[in-house]
Amino acid sequence: MVTVDKPMISIESVSKSFGEFQALDRVDLHIPKGEFLVVLGASGCGKSTLLNLITGFERPSSGRILVNGREVRDVDPHCGMVFQQYALFPWLTVAENVAFGLKMKGVPAAEREETARKFIEMVGLKGFEDAYPKALSGGMRQRVSIARVLANDPDVILLDEPFAALDAMTRQVLQEELTRIYERSGKTIVFITHSIDEALLLSTRMVVMSARPGRVACDMPNDLPYPRNADVQLSPRYIELKSQIWNIVQGEVMRSLQARADR
Amino acid sequence: MSLRTTRRQFIQGMALGAASLALPMTGAVQAAQMQAIRYGGSAWLGHYPAWLALKKDYFKEENLDVSWESFGTTSARVSALLSGNIDVAVTAAPAALSVMARGSRHFAIIGVPENFGRVEGLLVRDGIEKLEQLKGKKIGVTFASSAHLLVLNLIEQAGMTPGKDITVLNVPAPELPAAFQSGQIDAAAAWTPQFNAIKAMPGVHVLADDTSFELYKEYGVTPGPDVLVARTAFLKEHPEAVKRFLKAYFRANEQLKFRPETAVGALTELTKLSETDQLEMIKGADWYGAQEQVNLLGPGSKYIDGLQKLAEIMVGFGQIDKAPSVREWVDPTYL
Amino acid sequence: MQDIRRRPDLMLISSVSVIALLLFWEAACRLQWVDPLFLPPPSDVFARLAGMWDEGVLFDHILASARRVMVGFAAATALAIPLGIFLGTSQRARAAFDPILSFLRPLPSMSWIPLSLLWFGITETQKYSIVFMGTFAPALLYVIEATRNIDPLLIRAARNLGTSGPQVMRHVILPASLPQIFSGFKVILGLSWTCVISAELVAAKEGLGFLIMNGKEFFQTDTVVLGMALISVTVLVTDVVFRFVENRVLAWSR
Chain Y
18 MVTVDKPMIS IESVSKSFGE FQALDRVDLH IPKGEFLVVL GASGCGKSTL LNLITGFERP
78 SSGRILVNGR EVRDVDPHCG MVFQQYALFP WLTVAENVAF GLKMKGVPAA EREETARKFI
138 EMVGLKGFED AYPKALSGGM RQRVSIARVL ANDPDVILLD EPFAALDAMT RQVLQEELTR
198 IYERSGKTIV FITHSIDEAL LLSTRMVVMS ARPGRVACDM PNDLPYPRNA DVQLSPRYIE
258 LKSQIWNIVQ GEVMRSLQAR ADR
Chain P
1356 MSLRTTRRQF IQGMALGAAS LALPMTGAVQ AAQMQAIRYG GSAWLGHYPA WLALKKDYFK
1416 EENLDVSWES FGTTSARVSA LLSGNIDVAV TAAPAALSVM ARGSRHFAII GVPENFGRVE
1476 GLLVRDGIEK LEQLKGKKIG VTFASSAHLL VLNLIEQAGM TPGKDITVLN VPAPELPAAF
1536 QSGQIDAAAA WTPQFNAIKA MPGVHVLADD TSFELYKEYG VTPGPDVLVA RTAFLKEHPE
1596 AVKRFLKAYF RANEQLKFRP ETAVGALTEL TKLSETDQLE MIKGADWYGA QEQVNLLGPG
1656 SKYIDGLQKL AEIMVGFGQI DKAPSVREWV DPTYL
Chain B
129 MQDIRRRPDL MLISSVSVIA LLLFWEAACR LQWVDPLFLP PPSDVFARLA GMWDEGVLFD
189 HILASARRVM VGFAAATALA IPLGIFLGTS QRARAAFDPI LSFLRPLPSM SWIPLSLLWF
249 GITETQKYSI VFMGTFAPAL LYVIEATRNI DPLLIRAARN LGTSGPQVMR HVILPASLPQ
309 IFSGFKVILG LSWTCVISAE LVAAKEGLGF LIMNGKEFFQ TDTVVLGMAL ISVTVLVTDV
369 VFRFVENRVL AWSR
């Protein structure tokens, strides 16, 4: 369910440069609470930079970002990030990893354990509480990563191509799980991907970004019904949306290739 | 001797001693007439005769080209002698006895320079008149030295056990004055110049010196007497040169005994002491002239018996494994 | 060394080589190729070992040296870890400390002996201080290096989960850098032994370094060789213990 009044994330005329290189150019984006936003685009279009600005890992060169009404000035646990490389703490067990944010907040041990257990079960890893990350497969590690972020109860969850390093089958399983979690929790999600199919599968809204400099090229809602099972994936509306996105993306790719050639 | 020199010489000595095998090298013969002799010494008073003879050209007059090699520790000097890097040296008898205990025949004792018994001893603060009063306290001394042997012997004579009744700490000689002054040790056993330095401190007196050593009354042997030693191979090859060496050597010795003021100038160059201190140092020892050598080293001499007893004492303290037959190493034929 | 345990043929070769060496050494001495004063035969060394065992002094020496190593090593590493993590994280702090560290690091432990004798006298503290001064700077540098080598993504993830600056140092940087710290500290442990031995050469009344020094004074070359052999063995033993601890603490990184 998407509420429209005050946006959860407000990206107001944000530009970001790294020296000579301009990664983002006056991006305006308002993301309401409960949106599952997927950001699509070719490499170098500033998708990751955008995420880093939202989490506070970087500061905008101009413009500002507000999360839940407060301006982002520094790293904030209100935006939990799931990294492509998992970033699990190898010296901690699965349960300890998931409970990490709670421990830092000072939550007592018994309560931490219980919360961790709940989320470990939610991502389908019941029984693996005492395993170490090195013993887990990539897909399992990503699940731990997601559970860790969820346990911290952030307002926003950001995912930077989280399933890119996984095989197709694992990816599918995790996509379904993420969707389930989204439906249950109602959190605001910003998800980056290369894959149009993934965008269509997960999002309630899609943004295509153009490259060099990064700008919003296209912003469209995704009205496909949940659950997005095989029938939905083969429906005419799916194909229609896909072909729309495809054209836009293709156009952007051509443009950036052209720009590179001209240089 | 500064700590730095001691350590450097120790490392040098170790390298020399450990690296070479027991093949004595013959000294290089320089000019056709002058016989070269390499002497190993230091600023210690036992080396005064050799230095004096060198500086006053007594050696030159005997057609000897004596070169001087400095060694900070006795063991370094002895190692150099054994490995053939020097030909003659004065060393403390315990070190010589240790080598003899191993059966090594590389050197012989050819003379006794002096007796420094009055400038080595145990120093305590006023109020302590008997060794028993040091029960439960700490004595600082440099291990494996004559003073160490004196301390062990004094404790034994008083019927006590070192380690149990009195703590004996290993303090390098240059550190003794500071350790005593700061109260880290309650008593210090030292030889000159640290002996003089501590004695000069207020409220300090000598509890016992070398003359209290068990062997002194009967044999005249202190815990760590100096002996003049030479390489056996060198003795065999140049007996005449050795005789001339000893002639010049004891000439200097007698000068120290009878006319010490005339030696001060030459010696301060070696020791860097002030003239008054230097004179005091010379007078602090009893110098043995050429005549006395026969009594000391001749067959049936009490001195050699005393050295034998010294070896037995060292066995008793576990410092050497068995007492060598000291007389076999004494060679008075060059006197 | 680990592979060799699984290869009995290699173990056999090693054992035979050691025995052959000992036999050759013994023969060389018996046949008077070498003067026993300069190199004692292994039988003499063993005899000395047996004698010291009977007297009950053997372990006094070993434990004295081992104690000095442990205390000095513990002090140096305990201070090096938190300070190193702090310096590893703060560029400004590093800039402040760099000149002092660059000055201290190249100083060999032996060069500290005169000052330490002045400051601490003839005490055990003086020995501990030698070990400390010889190992602190390199240990610190190892920790700083380890801190700077950890995956910055882990720190990002931690901060994203709401970890404060000091908490990051304690809960992320410290455990993440432990593997590299441990391997650096293996070297430091060996260095500690070197420091202890040189400290004991100067002003001790027991210990393995003292054993060597005292033996040298009395030309008991067999005692000197025994001291050396004991040092070697004891260092190896402490290495094994260290490795054991490392395997337990760092089980997660294997």
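Chains as they are written, first to last, in this note's numbering: chain Y, 18 to 280; chain P, 1356 to 1690; chain B, 129 to 382.
We put the beta carbon where it would ideally sit given N, CA and C, even for glycine.
These numbers come from a predicted model, not from an experiment.
Any C-beta of chain B sitting closer than 9 Å to the C-beta of G155(Y)?
no
Could you tell me the distance, in whole angstroms, from the CA atom of M139(B) to the CA atom of R371(B)?
21 Å
Through-space distance from S1500(P) to M1636(P), alpha-carbon basis:
20 Å
Where DSSP assigns a beta bridge to S60(Y), which residues make up the other side?
DSSP lists no partner for S60(Y).
Which residues in chain B have a C-beta closer than 7 Å to the C-beta of T132(Y)? List them in chain order.
Neighbours of T132(Y) on chain B: none; closest Cβ ~13 Å, over 7 Å.
Under a three-way DSSP split, which group does K1572(P) fall into?
When DSSP states are grouped into helix, strand and coil, K1572(P) belongs to the helix group.
Please list the partners that P77(Y) has in chain B, where partner means a Cβ-to-Cβ separation under 8 Å.
Within 8 Å Cβ-Cβ: nothing; P77(Y) doesn't reach chain B, min ~18 Å.
On a Cα-Cα basis, can you pick out the residue from I309(B), V368(B) and L329(B) that is closest to A208(B)?
I309(B)
For Y1574(P) and L364(B), I'd like the C-alpha separation in whole angstroms.
51 Å
Does V330(B) come within less than 9 Å of chain P when only Cβ atoms are used?
yes
At 8 Å on the CB atoms, spell out the chain B contacts of N169(Y), in chain order.
L289 and G290
Using beta-carbon positions only, say whether A1542(P) and R1457(P) come within less than 9 Å of one another.
Result no, Cβ atoms of A1542(P) and R1457(P) do not sit closer than 9 Å.
Would you mind telling me which residues of chain P sit closer than 9 Å to E345(B), beta carbon to beta carbon, in chain order?
T1428, T1429, S1430, P1449, A1450, S1453, F1498, A1499, S1500 and Q1674
Can you list, in chain order, the residues of its chain with a C-beta nearer than 8 Å to that of P164(B)? Leave out the 5 residues immediately preceding and following it.
For P164(B), where only same-chain residues beyond five positions count, the Cβ hits under 8 Å are C157, D172 and T349.
Backbone secondary structure at F106(Y) - three-state DSSP:
If DSSP states are grouped into helix, strand and coil, F106(Y) belongs with coil.
Excluding five sequence neighbours on each side, which residues of the same chain lie with their C-beta closer than 8 Å to the C-beta of S320(B)?
Scanning its chain for C-beta atoms nearer than 8 Å, with the 5 sequence neighbours on each side dropped, one finds around S320(B) the residues V197, G200, F201, A204, V259, G262 and T263, in chain order.
Go through the stretch 32–85 of chain Y residue by residue and report every complete run of the alpha helix (DSSP H) that reaches 4 residues or more, in order.
64–72
Measuring alpha carbon to alpha carbon, tell me which of I262(Y), G51(Y) and G36(Y) ends up nearest P77(Y).
G36(Y)
E1424(P) versus I272(B): straight-line alpha-carbon distance, rounded
Computed Cα separation, rounded: 48 Å.
Partner residues on chain B for Y149(Y), Cβ-Cβ distance less than 7 Å
W380
Is it a yes or a no for the stretch 169–188 of chain Y touching the stretch 105–114 of chain Y, going by three-plus beta-carbon pairs under 8 Å?
no
For Q1633(P), which residues of its own chain have a beta-carbon under 8 Å away from its beta-carbon, when the five flanking residues on both sides are left out?
V1619, L1622, T1623 and T1626
Which chain P residues are close to I250(B), counting only those with a beta carbon under 8 Å from its beta carbon?
G1495, L1524, N1525, V1526, E1530, A1534, Q1539 and I1540
Could you list which residues in chain B have their beta carbon closer than 9 Å to that of P94(Y), in chain order?
Neighbours of P94(Y) on chain B, chain order: R287, N288, L289, G290 and T291.
Can you name, in chain order, every residue of its own chain whose Cβ lies under 6 Å from the Cβ of S220(Y), other than the five neighbours on each side?
F53, V55 and N239
Using a beta-carbon distance below 9 Å, is T72(Y) in contact with chain B?
yes
Contacts around T366(B), its chain only, beta-carbon distance under 8 Å, and the 5 residues preceding and following it disregarded:
A194, V197, L317 and W321
Mapping the DSSP letters down to three states, classify Y1394(P) as helix, strand or coil.
strand
8 Å Cβ cut-off: residues of chain B touching G80(Y)
Result: empty, since nearest Cβ-Cβ is about 22 Å, beyond 8 Å.
Between F187(B) and chain P, is there a C-beta pair that is closer than 9 Å?
With 9 Å as the cut-off, F187(B) does not count as an interface residue toward chain P.
Does the separation of the CB atoms of M98(Y) and L175(Y) fall below 9 Å?
yes
On the DSSP letters alone, give me the boundaries of the alpha helix (DSSP H) that R1457(P) sits inside.
Unbroken run through R1457(P): none, as it is neither H nor E.
Would the beta-carbon of F1471(P) fall within 9 Å of that of A1640(P)?
yes
Please confirm whether G141(Y) has its beta-carbon closer than 9 Å to some beta-carbon of chain B.
So, not an interface residue.
Neighbour flag for F35(Y) against chain B, beta carbons, 9 Å
no
Could you confirm whether any beta carbon from chain B is found closer than 9 Å to the beta carbon of G97(Y)?
Answer yes: the Cβ-Cβ gap between G97(Y) and chain B drops below 9 Å somewhere.
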